Amino acid sequence: MKPVEWADRPRSGPLDVVVTGLPSDAHTWNLVFIQLLLEDLGHKVVNLGPCVPQDEIVESCCKFEPDLLVVSSVNGHGFNDARPLIEAVRSRWELAGLPAVIGGKLGVGGGEREQAGELMRAGFDAVFQDGTGDEPGFAAFTSFVGSLAVTR
1 MKPVEWADRP
11 RSGPLDVVVT
21 GLPSDAHTWN
31 LVFIQLLLED
41 LGHKVVNLGP
51 CVPQDEIVES
61 CCKFEPDLLV
71 VSSVNGHGFN
81 DARPLIEAVR
91 SRWELAGLPA
101 VIGGKLGVGG
111 GEREQAGELM
121 RAGFDAVFQD
131 GTGDEPGFAA
141 FTSFVGSLAV
151 TR
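Letter by letter, the sequence shown follows residues 1 to 152 of my numbering.
If you want it as structure tokens, here you go:
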């Protein structure tokens, strides 16, 4: 018999989502907005809040076993914190297949497309940045979440 923390969970219905800020980002309104949006779409959300240490994010994902990790930043330093975070997430066998996305203002010096590509190569499944694509980040994000719910 498996211990409770490793027991298989049914994977039907709404997604279980962990929403978090990065260690250097103290903003909360973006996290509350994402939480409310996801809940309005019918999903269950654990919001870790702002300024979350990398190790706490990784351990929370192991504990809550989410279907999706959503990382948000608005201070322009997200790119610097995001790469080590996703590398830490992907280094854990329990989280190797966890869909993980990041969005918001990830840099301040330009090069947003290059940063997005680098974060995707590092292990994020999607990067949603303001003003960098043909489709607004909000619509692309909700579309991505909807595709996860359908394919799960």
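Quick reminder that beta carbons are idealized off the backbone N, C-alpha and C, glycines included.
Quantities reported herein were computed from a predicted structural model and do not represent experimental measurements.
Through-space distance from residue j to residue i, alpha-carbon basis
i: Asn75; j: Glu112; result: 14 Å
i: Ala122; j: Gly137; result: 20 Å
i: Val18; j: Glu114; result: 26 Å
i: Phe144; j: Glu65; result: 19 Å
i: Gly104; j: Phe128; result: 6 Å
i: Leu37; j: Arg92; result: 28 Å
i: Ala139; j: Gln54; result: 28 Å
Where residue i falls: helix, strand or coil (DSSP)
i: Ala26; result: coil
i: Gly97; result: coil
i: Asp67; result: coil
i: Val45; result: strand
Sub-8 Å separation of residue i and residue j beta-carbons
i: Leu15; j: Leu68; result: yes
i: Leu85; j: Val70; result: no
i: Thr20; j: Val58; result: no
i: Ile102; j: Gly78; result: yes
i: Leu98; j: Cys61; result: yes
Nearest-angstrom beta carbon gap, residue j and residue i [assumed within contact, 8 Å]
i: Asp25; j: Pro50; result: 6 Å
Inset, instruction - Count the CB pairs spanning the region 142 to 150 and the region 33 to 50 that are closer than 8 Å, and state whether there are at least three. - result: Of all C-beta pairs linking the region 142 to 150 to the region 33 to 50, three or more are shorter than 8 Å, placing the two stretches in contact.
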